[in-house]
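Residue numbers (our numbering): 792 to 1169.
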């Protein structure tokens, strides 16, 4: 649940980042006369000089300017043909650093494919497919990379730390890696002699013990069931009518519960983020407390959903005892936990049921307030 909540926080941050970028992140493009004339004369085309950090978000991004600052880029295809005097931060499907491009700072990249034909200082990258350092590419210091396939034809000034499935380094009369090469892969690669100046070290992936994984997952399922059991027993003890109310809500207001759950979940995240961003002191305390309550409610939301379904099934078969209700609720908890292991669909289903459970908690809270108000009026 914490991993899921972290992802939602990140998504909300990215949404806010994107929504503000078109307004707040506009840069002032100025022609500077502080740059050395020798640098200016080396370019055949007229470059635009940007005297601040650059923020770009688009399907296709082209950076052809000279940036006196950092560049923060999110896009489908990102092509860098200019110069960046700071760091380059990229999330993209494809990143291409052309042979005329220079990144004087570091490159931090998350992409499907990365090709570097120009110059960079340090590279920290993760790619799900291919990383290519062309013959004209030059990394002045270190490269730290995780990729499926790596091709190194250019030069690396210092060390290369790689995690990959395939590594291609052509035989060359010159050194390609000026320092050490450290790599992790399923098997050792044949590294041509003379292309690595320092030491070559290979690390095999840690062996996976299937029995340990199975025992760990079984232990996790037992923990989930025990946690749900405690929640169910506490509600029976503290609020005996809670099971009847949640059953009524799921029966009559199931879709409404889902909508309210979404509204509460994302609404609280956005409001808390804005409070933390624009306030301090008491406002920040309210934001932290609200998020804490959301985490608590979300942690029991799947159990509440299971309680509602379990009570509804018990009513259908006229099983009025608490034993049948508890066992049916735990059975639904177990089913949901097993569904979560199904690739692609398991996590979305668990999220939907958790949102419905959160909506049920919210609807129940409002109903109790109405009941209290009605009793006071009577």
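All C-beta atoms in this analysis are idealised placements derived from N, C-alpha and C, irrespective of residue type, glycine included.
Buried or exposed (CB count within 10 angstroms, at least 16 for buried), residue 874 = buried
When we look at the beta-carbon of residue 833 and count the other beta-carbons within 10 Å, is it buried (16 or more) or exposed?
-> Reliability fails at residue 833, whose pLDDT of 43 lies under 50, so the model's placement of it is uncertain and the value that follows must be treated cautiously. Exposed.
Of all the alpha helix (DSSP H) runs that stay within the bounds of the stretch 987-1033, which reach a length of 4 or more residues?
-> 1001-1029
Provide the residue(s) that pair with residue 894 in DSSP beta bridges, ordered along the chain.
-> 875, 911
Who does residue 1064 pair with in a DSSP beta bridge?
-> Its beta-bridge partners do not exist; DSSP assigns none.
Residues bridged to residue 940 by DSSP?
-> 921, 957
Rounded to whole angstroms, what's the CA-CA distance from residue 1128 to residue 1070? Just pull it up for me.
-> 39 Å
In angstroms, rounded to a whole number, what distance separates the CA positions of residue 924 and residue 974?
-> 16 Å
Would you decide whether residue 1000 is buried or exposed? Buried here means 16 or more other CB atoms lie within 10 Å of its CB.
-> exposed
How big is the Cα-Cα spacing for residue 952 and residue 867?
-> 27 Å
Are there three or more Cβ pairs, one per stretch, closer than 8 Å when the stretch 841-857 is compared with the stretch 871-887?
-> yes
Enumerate, from N- to C-terminal direction, the unbroken beta strand (DSSP E) stretches of 3 or more residues contained entirely within the stretch 1042-1088.
-> none
Would you report the Cα separation of residue 1045 and residue 905, rounded to the nearest angstrom?
-> 46 Å
Looking at C-alpha atoms only, which residue of 940, 1034, 1085 is the closest neighbour of residue 1056?
-> 1085
Using CA coordinates, which residue listed in 892, 1145, 935 is at the minimum distance from residue 1041?
-> 1145
Please work out which residues of its chain come closer than 6 Å, Cβ to Cβ, to residue 907, disregarding the five sequence neighbours upstream and downstream, and give them in chain order.
-> 888, 924, 928
Per DSSP, which one or two residues make a beta bridge with residue 846?
-> 863
Presumed contact (8 Å Cβ cut-off) between residue 1051 and residue 1095, rounded CB distance | At roughly 13 Å, the Cβ-Cβ gap does not stay under 8 Å, so residue 1051 and residue 1095 are not in contact.
With a 10 Å radius around its C-beta and 16 neighbouring C-beta atoms as the bar for buried, classify residue 849 as buried or exposed.
-> exposed
In its own chain, which residues sit with a C-beta less than 6 Å from the C-beta of residue 963, not counting the 5 before and 5 after it?
-> 986
Below 8 Å, can you find three or more Cβ-Cβ pairs linking the stretch 1000-1012 to the stretch 1020-1035?
-> no
Separation of residue 978 from residue 954, as counted between CA atoms = 11 Å
Contact set for residue 1059: own chain, Cβ-Cβ below 6 Å, skip 5 residues either direction | 1081, 1085
Please classify residue 830: does DSSP put it in a helix, a strand, or coil?
-> Residue placement at residue 830 cannot be trusted, given a pLDDT of 39 that sits under 50; what the coordinates show is reported in the next sentence. Here residue 830 sits in helix by DSSP.
Where residue 976 falls: helix, strand or coil (DSSP) | coil
CA nearest to the CA of residue 989, picked from 967, 1004, 845, 1002 | 967
Nearest to residue 949 by CA position, among 958, 881, 913, is which residue?
-> 913
How many Å lie between residue 921 and residue 981 at the Cα?
-> 19 Å
Tell me whether residue 1035 is buried or exposed, calling it buried when 16 or more other Cβ atoms sit within 10 Å of its Cβ.
-> exposed
Just to check, is the beta-carbon of residue 878 closer than 6 Å to a non-hydrogen atom of the ligand MN?
-> As presented, the structure is devoid of all ligands, the ligand MN included, so that no description of it is given.
How would you label residue 1102, buried or exposed, when you count the other beta carbons within 10 angstroms and need 16 or more for buried?
-> buried
Using DSSP with H/G/I as helix, E/B as strand and the rest coil, what is residue 1132?
-> coil
Could you check what DSSP says for residue 889 in three-state terms: helix, strand or coil?
-> coil
Considering only residues of the same chain and omitting the five flanking positions on each side of residue 1113, which have a CB-CB separation below 8 Å?
-> 1027
Alpha carbon to alpha carbon, how far is residue 1077 from residue 1038? Give it in angstroms, no decimals.
-> 32 Å
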